[in-house]
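Undergrad:
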Amino acid sequence: MGKYIIWIFVLTSLLAVSATDSVTDNATSICVCKAGFSPDQTKTLCIDIDECARHTDNCQQVCSNTIGGFRCSCQNGYETDPNNPLNCNKIDYCKTSPCRHGQCQNGVYSYTCSCNSGWQGINCDKDVNECASANVCSPKGNCINTVGSYTCECIPGWTGQICNEDVDECLANPCRNGGRCRNGMGSYICLCNAGYGGVNCDQDINECLSNPCHNGATCINMMFSFSCYCSPGYTGRLCDLVEY
Ligand SMILES: [Ca+2]
Ligand SMILES: [Ca+2]
Ligand SMILES: [Ca+2]
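Numbering (mature numbering (1 follows the signal peptide of the UniProt record, and there is no 0)), first residue to last: -20 to -1, 1 to 224.
1. Check the DSSP bridge columns for Ser190 and list the partner residues they point to.
2. Considering Glu133, what are the terminal residues of the beta strand (DSSP E) in which it resides?
3. When the Cα of Gln40 is compared with those of Gly49, Cys54 and Ala33, which residue comes out closest?
4. Along the chain, where does the beta strand (DSSP E) containing Glu31 start, and where does it finish?
5. Any heavy atom of ligand 2 closer than 8 Å to the beta-carbon of residue 260?
6. So is Pro212 buried or exposed if we call it buried at 16+ other beta carbons inside 10 Å?
7. Does the distance between the C-beta of Val179 and the nearest non-hydrogen atom of ligand 2 fall short of 8 Å?
8. On the three-pair Cβ rule with 8 Å, is the segment 175 to 189 touching the segment 149 to 158?
9. For Val127, which residues of its own chain have a beta-carbon under 8 Å away from its beta-carbon, when the five flanking residues on both sides are left out?
10. Label Tyr224 either buried or exposed according to how many other C-beta atoms from any shown protein chain fall within 10 Å of its C-beta, with 16 as the threshold for buried.
11. To the nearest angstrom, how far is it from the Cα of Trp138 to the Cα of Ile169?
12. Taking the beta strand (DSSP E) that Tyr89 falls in, what are its first and last residues?
13. Since Cys26 and Cys13 should fall inside the 8 Å C-beta cutoff, what is the C-beta to C-beta distance between them, to a whole number of angstroms?
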């Protein structure tokens, strides 16, 4: 116990030293103390006033006593009001716009970002590799990752964002020489007029391969047509008529 009394004595002496501007009224020998100090019981020393303990500090949140005064501070998540050092304002962690591609939500001690589609990470600044997931594009498309998004590169005949929509090729009139167009899933066909062949009815058919000329006639293939040179005694386009 004696040790504590000595410490209190030392502490009181230090506090008194710090109040060296104390004025002593010579007539009464009573200390008149500076603001923040008050005379001790003997009225010979000025000791610090603990404003926090006396609740005279007016700090909105946290009070810390100092020798000759006090200091206000704020709890976690708050900062000192620049217009009034006694008060604290909630810290706006979103003020610096930390979410690069997302919406910021202010929290108690930090912020959280809700990322836009295609972005991830604490600050929504990292690309999502959509192609790493299965079936992002339909089987008719090749997935290509891009920064913040992705694209599907469609094979011919397919379109749409994920390449699951048929292209109506007939809208572009691909069939030549009077051929009629029929659209199909992922493709189309041209129904060609006689003599015309190829996907778009723009190529010659060698009709002679199917032996159209009868009765020993000679078949001559021609561009988009053919001719039969009949043996003696036969006539008609295909030499299928007997000559009289
Ligand atoms: Ca991406
Ligand atoms: Ca089609
Ligand atoms: Ca021909």
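Glycine is no exception: its CB is placed at the ideal position from the N, C-alpha and C atoms.
Quick caveat: nothing in here was measured; it's all calculated off a predicted structure.
TA: This is what the structure holds:
1. Along the sequence shown, one-based indexing puts residue 190 at 210. Bridge partners of Ser190: none, in fact.
2. Position 153 of the sequence shown, counted from the start, is the residue given in the question as residue 133. Ser129 to Cys134 is the span of the beta strand (DSSP E), which, as asked, contains Glu133.
3. Taking the first residue of the sequence shown as 1, we reach residue 40 at position 60. That would be Cys54, whose Cα lies nearest to the Cα of Gln40.
4. Taking the sequence shown and counting its residues from 1, one reaches residue 31 at position 51. No beta strand (DSSP E) contains Glu31, which is instead part of the alpha helix (DSSP H) from Glu31 to Arg34.
5. This structure cannot speak to residue 260, because the chain is shown only from -20 to 224.
6. Within the sequence shown, residue 212 is the residue found at index 232, counting from 1. Classification for Pro212: exposed.
7. What you label residue 179 is simply residue 199 of the sequence shown in a count that begins at 1. No, ligand 2 has no heavy atom inside 8 Å of this Cβ.
8. yes
9. Against the sequence shown, residue 127 aligns to sequence position 147. Closer than 8 Å at the Cβ level, and outside the excluded window around Val127, lie Asp107.
10. Reading the sequence shown from its first residue, position 244 is the one you call residue 224. Tyr224 comes out exposed.
11. For the purposes of this step, residue 138 is taken as the residue at position 158 of the sequence shown. For the purposes of this step, residue 169 is taken as the residue at position 189 of the sequence shown. Going from the Cα of Trp138 to the Cα of Ile169 covers about 15 Å.
12. By 1-based counting over the sequence shown, the position of residue 89 is 109. Per DSSP, Tyr89 belongs to no beta strand (DSSP E) and is neither H nor E.
13. Numbered from 1 along the sequence shown, position 46 holds the residue referred to as residue 26. Numbered from 1 along the sequence shown, position 33 holds the residue referred to as residue 13. Confirmed, Cβ separation roughly 4 Å.
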